[in-house]
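**Student:** Numbering (full-length UniProt numbering), first residue to last: 6 to 366.
Every residue, glycine too, gets a C-beta built ideally from N, C-alpha and C.
Here it is: the structure, laid out below.
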Ligand code: ATP
Ligand code: MG
């Protein structure tokens, strides 16, 4: 989708919990992969723990450095306490807004020769609005307290996420075409397809605008087949026949939920990468969170693959398609050989899996 950047200076925001375990794996792979300019890295702060130490979750310096020095970035993970903590709001949500990273692209693929079911879909999640505008109110009424949240859907954001989805569907179809016969085993019918995920039968104004905006974009892509599906029945299909789904475009919240569900289809959250994309910046980020239940283990048992694949995805979106493919292949071979962390039934540590991937690379 993008011209290759000629220099690679990458902001590394490890964040909280296992973010600090898995981001170094991505860095080692970026240092080793052939075919890209030698990258340099700059470590940057953000996260809940940083907030606890300093009172700031996303320091201004982090944003300034990203904007002035970096070609791209990698983000590890951030803990979000489920209760409200005064003064804290998620730095990743803020960062996506600050850098205008309006699309979150999440490919969910199973490994050929490993998974019995061939899943190969990409979830394109709107990243800036929906319920994530976080305008919540609560009031006392005679019947008890009533809480409300504002859900914003704009024509502009829906149009640009729609366009991103159509571009990705075209690119994905091209890759599958190159793979030839193997593609048909995926239940893929031959052409690029975009499925619009919404709930406009109930939310006819907000989801109605999302659907209508993406449909308008569809007119610019006569070669892409357009489907739509109500989010609940989409979830049903996700479990019943995931092989038949290819590129999904979703408003922010549905995209969040559908992609965690899709991750379960391929074995572990620890496998699924994502990239946050704007018109002038790219940031790789594993789909998983800070995994407090396994954080701080020594040695770390966090699966580094989501983070490594996120680095590859970041490269892919910068135009380094071949180097990215090399990383995907190296990861697949490690999985096929059973060199995996405990979440996938293996015994290796984070670093040991990374060693195996580097060797394959
Ligand atoms: P957060 O609030 O930061 O999102 P969470 O409690 O939702 O934290 P997740 O990180 O989303 O936790 O993880 C959900 C589950 O998946 C946890 O049991 C976690 O251990 C597991 N998991 C997530 N990522 C990985 C990984 N990279 N390797 C192994 N297990 C993982
Ligand atoms: Mg989570």
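Should the segment 352–362 be regarded as contacting the segment 93–109, the criterion being three or more beta carbon pairs within less than 8 Å?
**Tutor:** In short, these stretches do not touch, since the Cβ pair count stays below three.
**Student:** Measuring straight from C-alpha to C-alpha, what distance separates residue 28 and residue 178?
**Tutor:** Translated into positions along the chain shown, residue 28 becomes position 23. Translated into positions along the chain shown, residue 178 becomes position 173. Distance between the alpha carbons of residue 28 and residue 178 is about 30 Å.
**Student:** Confirm, please, whether the CB-CB distance from residue 307 to residue 278 is below 8 Å.
**Tutor:** As a working mapping, residue 278 is identified with position 273 in the chain shown. As a working mapping, residue 307 is identified with position 302 in the chain shown. Result no, Cβ atoms of residue 278 and residue 307 do not sit closer than 8 Å.
**Student:** Is residue 80 helix, strand or coil by DSSP?
**Tutor:** Taking the chain shown and counting its residues from 1, one reaches residue 80 at position 75. It is a strand residue.
**Student:** Given residue 232, which residues of its chain have a CB within under 8 Å of its CB, disregarding the five upstream and five downstream residues?
**Tutor:** The count along the chain shown starts at 1 and reaches residue 232 at position 227. 198, 199, 200, 201, listed in sequence order.
**Student:** Can you list, in chain order, the stretches of the beta strand (DSSP E) that have 3 or more residues and sit fully within the segment 90–146?
**Tutor:** Listed in chain order, they are 108–114, 125–131, 141–146.
**Student:** Using DSSP with H/G/I as helix, E/B as strand and the rest coil, what is residue 355?
**Tutor:** As a first step, residue 355 is located in the chain shown; it is residue number 350 there, counting from the start. Note: residue 355 maps to helix in three-state DSSP.
**Student:** Where does residue 228 land, buried or exposed, given buried means 16+ other C-beta within 10 angstroms?
**Tutor:** Here residue 228 refers to the residue found at position 223 of the chain shown. Counting Cβ neighbours within 10 Å, residue 228 comes out exposed, since fewer than 16 surround it.
**Student:** Residue 98 and residue 137: beta carbons closer than 8 Å?
**Tutor:** For this step, residue 98 is matched to residue 93 along the chain shown. For this step, residue 137 is matched to residue 132 along the chain shown. The answer is yes: Cβ separation under 8 Å.
**Student:** So residue 37 packs on residue 366, CB below 8 Å; how close in whole Å?
**Tutor:** Here residue 37 refers to the residue found at position 32 when the chain shown is read from its first residue. Here residue 366 refers to the residue found at position 361 when the chain shown is read from its first residue. Sure, about 6 Å apart at Cβ, within 8 Å.
**Student:** For residue 23, which of 336, 327, 82 has the nearest alpha-carbon?
**Tutor:** Taking the chain shown and counting its residues from 1, the one referred to as residue 23 is at position 18. Among 336, 327, 82, the Cα nearest to that of residue 23 belongs to 82.
**Student:** Check the C-beta distance from residue 315 over to residue 280 and give it rounded, since I have them as a contact under 8 Å.
**Tutor:** As a first step, residue 315 is located in the chain shown; it is residue number 310 there, counting from the start. As a first step, residue 280 is located in the chain shown; it is residue number 275 there, counting from the start. The Cβ separation is near 6 Å, so the contact holds.
**Student:** Rounded C-beta distance between residue 167 and residue 218? I'm assuming under 8 Å.
**Tutor:** Taking the first residue of the chain shown as 1, we reach residue 167 at position 162. Taking the first residue of the chain shown as 1, we reach residue 218 at position 213. Contact flag correct, Cβ pair sits at about 6 Å.
**Student:** Comparing C-alpha positions only, which one of 319, 361, 343 sits nearest to residue 112?
**Tutor:** Here residue 112 refers to the residue found at position 107 when the chain shown is read from its first residue. Nearest option by C-alpha distance: 319.
**Student:** Which same chain residues end up closer than 6 Å to residue 140 when comparing Cβ atoms and leaving out the 5 residues on each side of it in sequence?
**Tutor:** Position 135 of the chain shown, counted from the start, is the residue given in the question as residue 140. Correct list, in chain order: 155.
**Student:** Under DSSP, the alpha helix (DSSP H) around residue 223 begins and ends at which residues?
**Tutor:** Residue mapping note: residue 223 aligns to position 218 of the chain shown, counting from 1. 211–223 is the span of the alpha helix (DSSP H), which, as asked, contains residue 223.
**Student:** Given the structure, does residue 274 come close to the ligand COA, in the sense that its CB is under 7 Å from one of the ligand's heavy atoms?
**Tutor:** With respect to small molecules bound, the structure shown includes the ligand ATP and the ligand MG and not the ligand COA.
**Student:** Can residue 297 be considered in contact with the ligand ATP, in the sense that its beta carbon sits closer than 7 Å to one or more heavy atoms?
**Tutor:** For the purposes of this step, residue 297 is taken as residue 292 along the chain shown, with counting starting at 1. Because some heavy atom of the ligand ATP lies under 7 Å away, the Cβ of residue 297 counts as near it: yes.
**Student:** Which residues in the same chain as residue 88 place their Cβ atom closer than 7 Å to its Cβ, once the five residues preceding and following it in sequence are excluded?
**Tutor:** For this step, residue 88 is matched to residue 83 along the chain shown. Closer than 7 Å at Cβ, skipping near neighbours: no residue.
**Student:** Taking a contact to mean a Cβ-Cβ separation below 8 Å, would you say residue 42 touches residue 35 in this structure?
**Tutor:** Against the chain shown, residue 42 aligns to sequence position 37. Against the chain shown, residue 35 aligns to sequence position 30. Against a cut-off of 8 Å, the Cβ pair of residue 35 and residue 42 comes out as no contact.
**Student:** Between residue 163 and residue 214, which are expected to be in contact by the criterion C-beta below 8 Å, what is the C-beta distance as a whole number of angstroms?
**Tutor:** Here residue 163 refers to the residue found at position 158 when the chain shown is read from its first residue. Here residue 214 refers to the residue found at position 209 when the chain shown is read from its first residue. Right, their Cβ atoms sit about 6 Å apart.
**Student:** Report the rounded CA-to-CA distance for residue 273 versus residue 165, giving the unit in angstroms.
**Tutor:** Here the question's residue 273 lines up with position 268 in the chain shown. Here the question's residue 165 lines up with position 160 in the chain shown. So the two alpha carbons sit approximately 30 Å from each other.
**Student:** I think residue 14 touches residue 74, with their Cβ atoms under 8 Å apart; what is that distance to the nearest whole Å?
**Tutor:** If you number the chain shown from 1, residue 14 lands on position 9. If you number the chain shown from 1, residue 74 lands on position 69. Yes, they are in contact, since the Cβ atoms of residue 14 and residue 74 sit about 6 Å apart, within 8 Å.
**Student:** Alpha carbon to alpha carbon, how far is residue 51 from residue 93? Give it in angstroms, no decimals.
**Tutor:** Here the question's residue 93 lines up with position 88 in the chain shown. Here the question's residue 51 lines up with position 46 in the chain shown. Cα-Cα distance, rounded: 12 Å.
**Student:** When the Cα of residue 128 is compared with those of 122, 157, 303, 265, which residue comes out closest?
**Tutor:** On the chain shown, position 123 is the one that residue 128 refers to. Checking every option, the nearest Cα to that of residue 128 belongs to 265.
**Student:** Can you tell me the Cα-Cα spacing of residue 5 and residue 159, whole angstroms?
**Tutor:** There is no way to answer for residue 5, as the model of the chain reaches only from 6 to 366.
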